[in-house]
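>
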DNA sequence: TGCTTTTATGCACAGGTTGCAATTTCGCAA
DNA sequence: TTGCGAAATTGCAACCTGTGCATAAAAGCA
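See the structure below:
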């Protein structure tokens, strides 16, 4: 399975990936054209689409993997494990998965994360991917928590993901470091678990 | 202020709006081109962009208004009103605002809502708009709840919106009526307020 | 009627994306 | 080594969204 052909394909893919991320970082996402990426990777523009289905797709490689990882965590619910604990574990799994996310040698992940927050088009794509997974995650929850109806499960997943995202987003917009953003995410989860009434209830 | 000119502008705008929504409903969003919309409204394709800044924009007319409405509700917090109650009022305001949302004679809102859930591109746009508002809403919350830090406020807003959205989405995907979706949204809010630990905690 | 400000339109173009066909490259077997 | 077939690469044409620019058409006003 490792002939000259396969190796060349991998090399070309990586060249496109590297070129894209580098150019995106240097001159911005919108300002970078597919023609430039292809030129930097020394292939024809048309060939780009043989490797990636769209410009955005370069930055959202293992999206399905992460969705599957979430489902796996849910399926592995410990007997008697409360919902909140399970979702916290899911969050940890997500973070770990993102860290391991190294199709490239150099660290693509931080660049991708920064771009994702900075570029509206990419943020939109990320949101969409996230939202698409949520009903599936909710359905998985229903299976391991038989007492949960689908709407409640959806609400739980939405509350969890929403709290996590916006808390992280606020922290990021306040100029927080990656650790700050992560901590904010955890704090968001806590709030989702304990309920909004545990906050400024006065 | 109501010369022939103004009236014609309104008429053209409405024609474009009607044509767009009708064509979107009949043949789908992606399958409808701006050229078709313009032809149906009997104007040149270029003119479409004099009335709407993009194809998506046709369906997201008063997005800023709704964001502002949320901020208004928050600013009008009753003394001692708990966070959950305030957010519930915000939801009611949103629903009422959507119902009053009748730039056109015929009911655009239901069609728009259905399209928004059905078409990925539109769902993405809706999510993005919603997400963009959330930090602002969180900041407004911070002002009327001085004991709230920004990250917690963000978590609260995210949890609220997320629960509301996904509960509604699940209900909609299960073939629920508009009322079902609304009820699911309310249930989602309740869950966000009481916390996930109030669910399948066993 | 003639002048001015909008409004509508046409034209050209950039960029993303797809389909198709031709061509190159590679793997493999004779 | 040669030649065949599959796979990869590429070029080309086309479509669609969106923008800038210049011009024509229309409407208000003097």
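Protein chains in written order, with the working numbering: chain G, 1 to 202; chain A, 1 to 202.
The beta carbon of each residue, even a glycine, is placed where N, CA and C say it ideally should be.
(1) Would you check if the distance between the CB atom of residue 140 of chain G and the CB atom of residue 193 of chain G is smaller than 8 angstroms?
(2) Note down, in chain order, every chain A residue with its Cβ under 9 angstroms from the Cβ of residue 134 of chain G.
(3) If you measure from the beta carbon of residue 127 of chain G to each beta carbon in chain A, is any gap under 8 angstroms?
(4) Less than 8 angstroms between CB atoms is the rule here; does residue 174 of chain A satisfy it with respect to chain G?
(5) So is residue 67 of chain A in contact with chain G if we call contact Cβ pairs under 8 angstroms?
(6) How is residue 162 of chain A classed by DSSP in three states: helix, strand or coil?
(7) Between residue 34 of chain A and the rest of its own chain, which residues show a CB-CB distance below 7 angstroms, the 5 nearest in sequence each way excluded?
(8) For residue 94 of chain A, which residues from the same chain have a beta carbon less than 8 angstroms from its beta carbon, with the 5 sequence-adjacent residues on both sides left out?
(9) If I measure Cβ to Cβ from residue 83 of chain A and keep anything under 7 angstroms in the same chain, skipping five residues before and after, which residues do I get?
(10) When DSSP labels each residue in this structure, what does residue 203 of chain A get in the three-state scheme?
(11) Output the distance between the C-alpha atoms of residue 125 of chain A and residue 130 of chain G, rounded to the nearest integer angstrom.
(12) Identify, in the order they occur along the chain, each residue of the same chain with its Cβ nearer than 6 angstroms to the Cβ of residue 117 of chain A, setting aside the five sequence neighbours on each side.
(13) So residue 115 of chain G contacts chain A; which residues on that side make the cut at Cβ distance below 7 angstroms?
(14) Taking C-beta pairs closer than 8 angstroms, name the residues in chain G that residue 23 of chain A reaches, listed in chain order.
(15) Strictly under 8 angstroms for the Cβ-Cβ distance: is residue 238 of chain A near chain G by that measure?
(16) Mind listing the chain A neighbours of residue 187 of chain G? Cutoff is C-beta to C-beta under 8 angstroms, in chain order.
(17) What number of angstroms, rounded off, separates the C-alpha of residue 90 of chain G from the C-alpha of residue 150 of chain G?
(18) Where does the unbroken alpha helix (DSSP H) through residue 188 of chain G begin, and where does it stop?
(19) For a test of the three-state rule: what should DSSP assign to residue 132 of chain G, helix, strand or coil?
(20) Give a yes or no on whether 8 angstroms exceeds the smallest Cβ distance from residue 70 of chain G to chain A.
(21) What's the gap between the Cα of residue 114 of chain A and the Cα of residue 133 of chain A?
(22) Which of the three DSSP states, helix, strand or coil, is assigned to residue 30 of chain G?
(23) Can you give the Cα-Cα distance for residue 138 of chain A and residue 112 of chain A, rounded to whole angstroms?
(24) What do you reckon, are the CB atoms on residue 170 of chain G and residue 184 of chain G nearer than 8 angstroms?
(25) With 16 as the cutoff for other CB atoms within 10 Å, does residue 175 of chain G come out buried or exposed?
(26) If you reduce the DSSP assignment to three classes, tell me which class residue 44 of chain G lands in.
(27) Kindly list the residues whose CB is nearer than 7 angstroms to the CB of residue 142 of chain A, restricted to its own chain and excluding five residues on each side of it in sequence; keep chain order.
(28) Taking 8 angstroms as the CB-CB limit, is residue 158 of chain A close to chain G?
(29) Can you tell me whether residue 105 of chain A is buried or exposed? The criterion is at least 16 other CB atoms within 10 Å of its CB, across all chains shown.
(30) DSSP three-state call for residue 62 of chain A: helix, strand or coil?
(31) Do residue 16 of chain A and residue 41 of chain A have their CB atoms nearer than 8 angstroms?
(32) Anything in chain A within Cβ reach of residue 193 of chain G, meaning under 9 angstroms, just list it in chain order.
(33) Can you give the Cα-Cα distance for residue 58 of chain A and residue 52 of chain A, rounded to whole angstroms?
(34) So, does the CB of residue 90 of chain A fall closer than 8 angstroms to a CB anywhere in chain G?
(35) Residues in its own chain within less than 6 angstroms of residue 190 of chain G by CB, not counting five upstream and five downstream?
The answer reads as follows:
(1) No; because the gap between Cβ atoms is not below 8 angstroms, this pair is not in contact.
(2) What residue 134 of chain G touches in chain A: 162, 165, 166, 169 and 170.
(3) At a cut-off of 8 angstroms between C-beta atoms, residue 127 of chain G counts as an interface residue with respect to chain A.
(4) Yes, residue 174 of chain A lies at the interface with chain G (some Cβ there is under 8 angstroms from its Cβ).
(5) Using beta-carbon distances, residue 67 of chain A does not count as an interface residue toward chain G, since no partner is under 8 angstroms.
(6) Helix.
(7) Residues of the same chain with a CB within less than 7 angstroms of the CB of residue 34 of chain A, apart from the 5 flanking positions on each side, are 45, 48 and 55 in chain order.
(8) 66, 69 and 70.
(9) Excluding residues up to 5 positions away in sequence, 145 and 156 lie with their Cβ nearer than 7 angstroms to the Cβ of residue 83 of chain A in the same chain.
(10) Past the edges of chain A, shown from 1 to 202, lies residue 203 of chain A, and the structure says nothing about it.
(11) Those two C-alpha atoms are separated by around 14 angstroms.
(12) These residues qualify, in order along the chain: 172.
(13) Within chain A, no residue has its CB atom less than 7 angstroms from the CB of residue 115 of chain G, the nearest being about 16 angstroms off.
(14) What residue 23 of chain A touches in chain G: nothing, since even the nearest Cβ is about 23 angstroms away.
(15) Residue 238 of chain A is absent from the model: chain A starts at 1 and stops at 202.
(16) Annotation: Cβ neighbours of residue 187 of chain G in chain A (cutoff 8 angstroms, chain order): 151, 152 and 155.
(17) Computed Cα separation, rounded: 19 angstroms.
(18) Its alpha helix (DSSP H) spans residues 178-194.
(19) Residue 132 of chain G falls in the helix class under three-state DSSP.
(20) Under the 8 angstroms criterion on CB atoms, residue 70 of chain G is classed as non-interfacial with respect to chain A.
(21) About 22 angstroms.
(22) Three-state DSSP puts residue 30 of chain G in coil, outside helix and strand.
(23) Their Cα atoms are separated by approximately 27 angstroms.
(24) Contact flag set, yes.
(25) Counting the other Cβ atoms within 10 Å of the Cβ of residue 175 of chain G gives fewer than 16, which makes it exposed.
(26) Shown here, residue 44 of chain G sits in coil according to DSSP, grouped into three states, outside any helix or strand.
(27) Closer than 7 angstroms at the Cβ level, and outside the excluded window around residue 142 of chain A, lie 148, 150 and 153.
(28) Yes, because at least one Cβ of chain G sits closer than 8 angstroms to the Cβ of residue 158 of chain A.
(29) Below a pLDDT of 50, predicted positions are generally treated as unreliable, and residue 105 of chain A, at 48, falls in that range; the measurement from the model is reported next regardless. So residue 105 of chain A counts as exposed.
(30) Coil.
(31) In this structure, residue 16 of chain A lies near residue 41 of chain A, with their beta-carbon atoms less than 8 angstroms apart.
(32) The answer, in chain order, is 195, 196 and 197.
(33) Between residue 58 of chain A and residue 52 of chain A, the C-alpha separation is close to 6 angstroms.
(34) Chain G places no beta carbon closer than 8 angstroms to that of residue 90 of chain A, leaving this residue out of the contacts.
(35) Taken in chain order, the list of residues that qualify is empty.
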